[in-house]
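Enquirer: Mind the numbering: the sequence shown is residues 8 to 102 in the numbering used here, read in order.
I'd like to ask you about the structure that follows.
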Amino acid sequence: MTNKQTRKKRQNGQEKVPESIYLLILHNDDVHSFDYVINALTEVCAHKFEQAVQCALITHYKGSCDICKGPFIYIEKMKNRLLQKNLSVTISSLS
């Protein structure tokens, strides 16, 4: 058994089920300004200013951008907060 396999074992001998990872995707719209989107990303997703600017630019030019990844519960909370700000966001499974 490798070290990875050993680490997956719980104390009771059952294997730990890996948690699925999800992507939070921001979609382009013609309504919100760059400043509005950048502020929302820094506030909700804890992006640094430069990262938020890059995500806003990618979304503008490509139509969408993966702005965050993580477990569903974490991603869903961010999605709901961004929806409250009227931004267009979806969740996609990474696997």
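Glycine included, C-beta positions come from ideal geometry on N, C-alpha and C.
Can you give the Cα-Cα distance for V44 and M85, rounded to whole angstroms?
Expert: In a straight line, the C-alpha of V44 is about 14 Å away from that of M85.
Enquirer: Take L31 as the anchor and find which of F41, Q91, Y68 and P78 has the nearest alpha-carbon.
Expert: Checked all of F41, Q91, Y68 and P78; the closest Cα to L31 is P78.
Enquirer: What does the alpha-carbon distance come out to for the pair K92 and Q61?
Expert: If you take the alpha carbons of K92 and Q61, they lie about 19 Å apart.
Enquirer: Less than 6 Å between C-beta atoms, sequence neighbours within five positions excluded: which residues of the same chain meet that for E83?
Expert: Taken in chain order, the list of residues that qualify is empty.
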